[in-house]
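Mapping of the sequence shown onto the working numbering: residues 9 to 195, in sequence order.
Reviewing the structure listed below.
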Amino acid sequence: GCLARPSLARYVPMRERNAFFIQRAALGIARALGLLPARLDAQGAGDPDRSGAYEIWLAHADGSSARPLTNSGGTAGSMSWSPDSRQIVYDSKTPGDRNLFLIALEGDRPQRLTSGASNSVQPRYSLDGRWIYFASDRTGSYQVWRLPAAGGEAEIVTRKGGFVAAPSADGVFVYYSKGRTVPGLFR
9 GCLARPSLAR YVPMRERNAF FIQRAALGIA RALGLLPARL DAQGAGDPDR SGAYEIWLAH
69 ADGSSARPLT NSGGTAGSMS WSPDSRQIVY DSKTPGDRNL FLIALEGDRP QRLTSGASNS
129 VQPRYSLDGR WIYFASDRTG SYQVWRLPAA GGEAEIVTRK GGFVAAPSAD GVFVYYSKGR
189 TVPGLFR
């Protein structure tokens, strides 16, 4: 396994902090093998507790000042920065189904955004910050949904399948995939 999943790290030029996932048990292994970047190791990035939990960590762009942002004991999944860089929305499995959570970078506890006997995954903010797009199987198959970032009820966007969504820069369209088994990009 890999220590950090760099493909999921979000780099935003105006910000000097990055978020990334680390599996706690992997930290001890990486330290023992000398694979942990020196900056993270010097900062004492986490205590290996063999829980296997994936948490979201923050660090400066140079890797210094690494600290855990979440401590759910679950499995944090995909994440998306808010356009103002003050919050991160992410999916997590803690326990039961996967749901969406919102956490302020300077806040304390995550706020749960979805619930119920379904999975909500792959959250993405719209560029204007008004919406959080995500995939959910609450109708029996995965569809793209959107949730007002300020709070409110989710509404369905697709009805013939949808998984990872990305709103267009002007906010007029939503581009999405239908998962790993259906090739193509849809609008």
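Cβ coordinates follow ideal geometry from the N, Cα and C atoms, glycine included.
Runs of alpha helix (DSSP H) with 4 or more residues, each lying fully within the region 118-156, are absent. Within its own chain, the residues whose Cβ lies closer than 6 angstroms to the Cβ of T122, once the five positions on either side in sequence are excluded, are N107, L108, S128, listed in chain order. By alpha-carbon distance to L135, the top candidate from A174, E63, T78 is A174. The alpha-carbon of R146 is positioned some 23 angstroms away from that of G192. Straight-line spacing of the CA atoms in T189 and F171 works out to 11 angstroms. Between the alpha carbons of V180 and G137 lies a gap of roughly 14 angstroms.
K186 carries a coil assignment under DSSP once its states are collapsed to helix, strand and coil.
Cβ contact annotation for S144 (same chain, cutoff 8 angstroms, sequence separation greater than five): T122, S126, N127, S128, V129, Y150, Q151, W153, A162, in chain order. When DSSP states are grouped into helix, strand and coil, G85 belongs to the strand group. Around P118, the same chain offers F109, I111 as residues with beta carbons nearer than 6 angstroms, after the five sequence neighbours per side are excluded. When only Cα atoms are considered, L155 and F142 end up about 8 angstroms apart.
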